[in-house]
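Undergrad: Protein chains in written order, with my numbering: chain A, 5 to 321; chain B, 15 to 492.
All C-beta atoms in this analysis are idealised placements derived from N, C-alpha and C, irrespective of residue type, glycine included.
None of the values given here were measured: they were computed from a predicted structure.
1. Determine the chain A residues that contact residue 301(B) at a beta-carbon separation under 9 Å, and present them in chain order.
2. Taking only three categories from DSSP, how would you classify residue 284(A)?
3. Which bits of chain A does residue 126(B) rub up against, with CB to CB less than 7 Å?
4. Taking 8 Å as the CB-CB limit, is residue 320(B) close to chain A?
5. Looking at the secondary structure, which residues open and close the alpha helix (DSSP H) in which residue 1(B) lies?
6. Taking only beta-carbon positions, decide if residue 242(B) is within less than 8 Å of chain A.
7. Using 8 Å for Cβ pairs, my map puts residue 88(A) next to residue 117(A). What's the rounded Cβ distance?
8. Can you give the Cα-Cα distance for residue 22(A) and residue 16(A), rounded to whole angstroms?
9. Going by DSSP, what residue range makes up the alpha helix (DSSP H) through residue 474(B)?
10. Going along the chain, which residues of the segment 47 to 80 of chain A sit with their C-beta nearer than 8 Å to a C-beta in chain B?
11. Throw me the rounded Cβ distance for the residue 165(B) and residue 225(B) pair, which I believe falls under 8 Å.
12. Given a threshold of 16 other Cβ atoms within 10 Å of its Cβ, counted over all protein chains shown, does residue 47(A) qualify as buried or as exposed?
13. Establish whether the CB of residue 279(B) and some CB of chain A are separated by less than 8 Å.
14. Helix, strand or coil: which one does DSSP assign to residue 29(B)?
15. Check whether chain B comes within 8 Å of residue 36(A), counting only Cβ atoms and requiring the distance to be less than that.
16. Looking at C-alpha atoms only, which residue of 297(B), 211(B), 286(B) is the closest neighbour of residue 407(B)?
17. Listed from N- to C-terminal order along the chain, which residues in the segment 323 to 356 of chain B have their beta-carbon within a distance smaller than 7 Å of any beta-carbon of chain A?
18. Alpha carbon to alpha carbon, how far is residue 180(A) from residue 10(A)? Give it in angstroms, no decimals.
19. Kindly indicate if chain B contains any beta-carbon less than 8 Å away from that of residue 24(A).
20. Using C-beta distances below 6 Å, list every residue in its chain close to residue 475(B), excluding the 5 sequence neighbours before and after it, in chain order.
21. Between which two residues does the beta strand (DSSP E) holding residue 174(B) run?
22. In chain order, what residues of the same chain lie with their CB nearer than 7 Å to the CB of residue 154(B), ignoring the 5 residues before and after it?
23. Does the structure place the segment 89 to 100 of chain A close enough to the segment 153 to 161 of chain A that three or more beta carbon pairs sit under 8 Å?
24. Considering only C-alpha positions, which residue in the set 267(B), 150(B), 123(B), 116(B) is nearest to residue 134(B)?
25. Tell me residue 158(A)'s beta-bridge partners as DSSP assigns them.
26. Residue ranges of each beta strand (DSSP E) run of no fewer than 3 residues wholly in the segment 165 to 219 of chain B, ordered along the chain?
27. Please list, in chain order, the chain B residues whose beta carbon lies closer than 7 Å to that of residue 41(A).
28. Going by beta-carbon coordinates alone, are residue 262(A) and residue 58(A) separated by less than 8 Å?
29. Please state whether DSSP places residue 170(A) in a helix, a strand or coil.
30. With 16 other CB atoms within 10 Å as the buried threshold, where does residue 227(B) fall?
31. Using a Cβ cut-off of 8 Å (strictly closer), state whether residue 282(B) contacts chain A.
32. Looking at the structure shown, is residue 55(B) part of a helix, part of a strand, or coil, going by DSSP?
33. Under 8 Å between C-beta atoms, does residue 254(A) make it to chain B?
34. Nearest to residue 215(A) by CA position, among 203(A), 50(A), 170(A), is which residue?
35. Would you say residue 13(A) reaches chain B, if we count a Cβ-Cβ gap shorter than 8 Å as a contact?
36. List, from N- to C-terminal side, the beta strand (DSSP E) runs of 3 residues or more that fit wholly inside the segment 43 to 118 of chain A.
Encoded structure:
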């Protein structure tokens, strides 16, 4: 039981059954219609000044990510340097929004981005499976926050969600949110590929927001299906409706599988035409990506010089 | 629109299409002038620029074209079905190869957005030719008995809202079944039909099998009345349809009519709201609402009225109106000044009768024929805008309380072409669909077309079906 839900919806989280009734009372999602809408937004033609604007906006929204077992402080240091100054050959390129690392790498990341606008995000809560006792997850979060993480990316317990134990998921999120305190913003990862239906994604979105998420995020990037324009469109509709009902604005972060400028621009079009300019900055929208940045930089260089330079003209970090 | 992210213009190139300063009639495989030398001009509705000068067919030309079609019929109908199929497949492939050119041409002549001609019209045009090409050698198995016979010469009159698609709906089944064709495109959109004539030549189609006669209503009337025409197919307004039915009555001509509509789009309180909003937008703003099966009457359950209308208004505010050749344009120009006048007067009537008018903030270009997307609330069954077909981007919103009331209101119209049902409950879809008197009922979608699916109306929306196996029947002696 908690009081994280905004006043207008406080009763919803009173018990397992009120929460279930609320989540199952949300309007359904027609998959064919949702995907058709996402596809039609993908046909917008973005050129010239609009493209230049979109590329810089996308760069500024990237959570530059390394989540490998083989991560080292050296690797994280070079990632941080790249986040601060993505294109040494053109200093007008904006910094990324954040670097995203495992909790034990937070100190290295903090040091690497010190003095810049770049935030440090950390995937705590037994990422990516989330299969650990709550105490372990909270310890993970404390570790990251006390090391200076500005943002915590937590995974929800998909097992609990899929078995209908919504209140358990809710209470875990509120506990993690509490552990974040005022120091860190909380991004809640649903692993949409494992939730499998769009109805579930909409319910998870509302569940996350009711529990106090600052951001809702599609996926870990560790499963077959990650962010898509359709599931991002659906989550944007959820944050839009949530704000209309409660006055609370929540951010959205598609993650995993977004590799090209073309893809990133399609996502920005979805943001632009679903929720509009209120979400068009990196406080409210992020891309969880590692390889996207280089393609954005190459496209940026092409716009500036008229020529496509190739992968050796951007850094490999 | 969000001011932070303005899309730069992304115009499709006009250079891909070469429009000649003048075009003749297409009779017996040749382009020719009208016997009396009459011509008319076709303009681009988005700019009022004159695109070309077109020969206007008179009675003598109609006679010449029907005679050519009659001569061609003997050989064409005697060809094995597989041979006819070869020509149709060839036409379908040429349409695909030239689709960008045809899409630009159609947008210039009609005023609809390039997005729609490129993504909807042209793929469907090719699909119809492919589909009926497949039937040409299988007519024995179409369910009309062994060896069904063609009718002869088909006189076809098509409208201006989907010029090339309506041509495909008419010509593909006619040729597949062994008929020959004299077709009159609408006076405001003759160009794509004339380009199609060129495609027929490119495909090596025998002379006289397809004849194209641009002209006004009198050309169509002469074609319909010609004694040597065996089959009349018309798509257009109900008023003209009735006139044609009177002309054809008592003759042995077979007739199919696809006329007006006032489709009901019914949204129940358990509908997938966001997708319903998209479906409402597609239903009434596709092709600026100039669609006979448009969902022009929104019937929304009272309990979700406010929520749905808020969503709908927010969505309408993101529609982009302007240059139809811009790939980002959602709403193009109204097809003609005459049509714009009709829409305007019906909308004024709606206001005068007490309905509440709403449009998003929307700047209209100075040249050309434009009408902003428009929503009417507080509409009742007694209002003119709930009864008459407006054929423009104007949605009338009515409410209901129970499924029975929804069905009663949906059916309370002189038309019966299309309807839509939005609900997450499968059993309700089936129950309601069974009670709706409409040729097409879409559920949780709207304005979806496919060559395999028959299309046609009840009541004053006409009779006969186009598309699918059913579409063959109108061109066979069964």
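TA: With the structure as the only source:
1. Within 9 Å Cβ-Cβ: nothing; residue 301(B) doesn't reach chain A, min ~15 Å.
2. It is coil, neither helix nor strand.
3. Correct list: empty, because the minimum Cβ distance to chain A is about 15 Å.
4. no
5. Outside the displayed span of chain B (15 to 492) sits residue 1(B), for which this structure offers no information.
6. no
7. 6 Å
8. 5 Å
9. According to the DSSP assignment, residue 474(B) belongs to no alpha helix (DSSP H), since it is labelled neither H nor E.
10. 47, 48, 49, 50, 51, 52, 53, 54, 55, 57, 58, 61
11. Between residue 165(B) and residue 225(B), the beta carbon gap of about 16 Å keeps them out of contact (Cβ cut-off 8 Å).
12. exposed
13. no
14. helix
15. yes
16. 297(B)
17. 332, 341, 342
18. 17 Å
19. No, its Cβ sits nowhere closer than 8 Å to a Cβ of chain B.
20. 273, 275, 429, 430, 431
21. Element bounds for residue 174(B): n/a, residue is neither H nor E.
22. 160, 161
23. no
24. 116(B)
25. 192(A)
26. 167 to 171, 194 to 198
27. 292
28. Not closer than 8 Å, so no.
29. helix
30. Looking at its Cβ environment, which holds 16 or more other Cβ atoms inside 10 Å, residue 227(B) is buried.
31. Judged by the 8 Å Cβ criterion, residue 282(B) is not in contact with chain A.
32. strand
33. Under the Cβ criterion of 8 Å, residue 254(A) is not counted among the residues facing chain B.
34. Checking every option, the nearest Cα to that of residue 215(A) belongs to 170(A).
35. Look at residue 13(A): its C-beta is not under 8 Å from any C-beta on chain B.
36. 66 to 69, 102 to 105
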